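To start, the structure under review is shown below, and the notes come after it.
Residue numbers (this note's numbering): 307 to 764.
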């Protein structure tokens, strides 16, 4: 009997010992995981903001993002001048970009690069090159030389207009949305540079003037108004050495970017029924431009717009997806956006195809009704918290996406906006509250310039 009792005690002891051993291993693992998570959080905050700046007398700014794991580097020169700053025929800024890049790649060594690695938009013009570290100085020199006067043969420069015509035909000529959006933009921004077309029309392209192109090139391609962004396996010391070895076509000094033009905002409504031959389904196009409330913190301004846009675009309480599509079948599909135009205006965009037996006029009425009700009632705090939680997860995952910092930096520079890093984004997101979101939402309900196109009503 005693032996049996002793055996039971022994077995219980063994069980407890194994249980405690497993428990302490689990506890240790949990502690290490928590420490790793905290460490990763700290690294994320620090590493994602590793954007070095270098002062140079010839550039407005120089930014460097070093990635030791990269096999090469990418250098991007962004002139903070675009189609908005073009006083000549629409699309000429894009033509100048072609000529400037061809001017530095005209030798056979660069033939493959001639019609790529550069772009123009309303706000800026950019040139991109990439290679290994040993070619850094040569590649930077090529970027600098886009500011040099054109030495191309006149006949060659005139032929480039045919390249742009083919680009127009390939990208937009058969796209029905391009024509509609161009007409909406011109109605939304009457007599404003914001209505300009980056590509121009075929007639304008065919008549591009070389004299005006050279004038615009001299005006828009000043290094002092350019930002150099280098990313990849390049150290700060290596970049500084390469910069010292560059030859500059002419002296330059940093220039503040030209302020973005202020669009006219008046309480006006423009509505039209139109027919577009290549448009597949009846479609409602709704655009509204308003003045935004004053906002001084760039990161906070962006985060409030992003959170509000996501909330409105969702099927959560306070969103338009439920009452327009999932709960009541007014829209078969829709696209919604809210974005900044410069730093003082916001643009509401809603494009939708109606559901079965719903007219475009009915869809317009219901969208306006739903949107106004949301503005009056506000977006629930629970919805804001859910959107913020999703965005916080996105920001915590930044280091898994190598190009995050680069893309954020390029976006800010190319839109002539001040740069901020991940830490500022996180801080701004934390400070976003339901009250602040609903204050901005209230502003969306104010009067503004509204353009509505009902395309191909049945």
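All C-beta atoms in this analysis are idealised placements derived from N, C-alpha and C, irrespective of residue type, glycine included.
Just so we're clear, the structure is a prediction, and the values are computed from it rather than from any experiment.
Taking only three categories from DSSP, how would you classify residue i?
i, result
"residue 501", "helix"
"residue 581", "coil"
"residue 369", "strand"
"residue 455", "coil"
"residue 710", "helix"
"residue 538", "strand"
"residue 686", "coil"
"residue 559", "coil"
"residue 571", "coil"
"residue 377", "coil"
"residue 443", "helix"
"residue 564", "coil"
"residue 591", "strand"
"residue 479", "helix"
"residue 382", "strand"
"residue 395", "coil"
"residue 723", "coil"
"residue 633", "coil"
"residue 717", "helix"
"residue 552", "coil"
"residue 626", "coil"
"residue 586", "coil"
"residue 764", "coil"
Please say whether residue j and residue i have beta carbons closer to each other than 8 angstroms?
i, j, result
"residue 636", "residue 672", "yes"
"residue 432", "residue 383", "yes"
"residue 482", "residue 764", "no"
"residue 592", "residue 656", "yes"
"residue 512", "residue 467", "yes"
"residue 522", "residue 429", "no"
"residue 440", "residue 551", "no"
"residue 643", "residue 615", "yes"
"residue 386", "residue 458", "no"
"residue 554", "residue 734", "no"
"residue 732", "residue 725", "no"
"residue 692", "residue 622", "yes"
"residue 634", "residue 753", "no"
Closer than 7 angstroms by C-beta to residue i: which residues in its own chain qualify, once you throw out the five before and the five after it? Chain order, please.
i, result
"residue 367", "359 and 533"
"residue 538", "373, 376, 378, 379 and 380"
"residue 426", "388, 389, 399, 400, 403 and 504"
"residue 445", "381, 435 and 437"
"residue 490", "591, 593, 757 and 759"
"residue 602", "none"
"residue 514", "395, 398, 401 and 467"
"residue 536", "370, 379, 381 and 545"
"residue 416", "Its pLDDT being 49, under 50, residue 416 is placed unreliably in this model, and the coordinates cannot settle the point."
"residue 751", "678 and 681"
Alpha helix (DSSP H) containing residue i: first to last residue?
i, result
"residue 617", "604-618"
"residue 410", "398-410"
"residue 767", "An answer regarding residue 767 cannot be provided, because it is not within the stretch 307 to 764 covered by the chain."
"residue 432", "Careful: residue 432 lies outside any alpha helix (DSSP H), inside the beta strand (DSSP E) at 431-437."
"residue 664", "Unbroken run through residue 664: none, as it is neither H nor E."
"residue 465", "460-474"
"residue 508", "508-512"
"residue 523", "516-526"
With a CB to CB cut of under 6 angstroms and the five nearest residues on each side skipped, what residues in its chain are close to residue i?
i, result
"residue 638", "659 and 661"
"residue 761", "580, 582, 585 and 589"
"residue 424", "403, 407 and 433"
"residue 632", "621"
Over the uninterrupted beta strand (DSSP E) stretch that includes residue i, give me the two end residues.
i, result
"residue 486", "No beta strand (DSSP E) holds residue 486; the alpha helix (DSSP H) holding it covers 482-494."
"residue 748", "Counting along the chain, residue 748 falls outside any beta strand (DSSP E), though it belongs to the alpha helix (DSSP H) covering 740-750."
"residue 425", "424-426"
Could you please give me the residues that DSSP links to residue i through a beta bridge?
i, result
"residue 641", "657"
"residue 358", "370"
"residue 758", "577 and 592"
"residue 597", "651"
"residue 646", "652"
"residue 533", "367 and 384"
Kindly list the residues whose CB is nearer than 8 angstroms to the CB of residue i, restricted to its own chain and excluding five residues on each side of it in sequence; keep chain order.
i, result
"residue 488", "503"
"residue 561", "366, 528, 530 and 531"
"residue 746", "598, 599, 610, 611 and 614"
Please find out if some non-hydrogen atom of the ligand ZN comes closer than 7 angstroms to the beta-carbon of residue i.
i, result
"residue 570", "Annotation note on the ligand ZN: not contained in the displayed structure, which lists no ligands."
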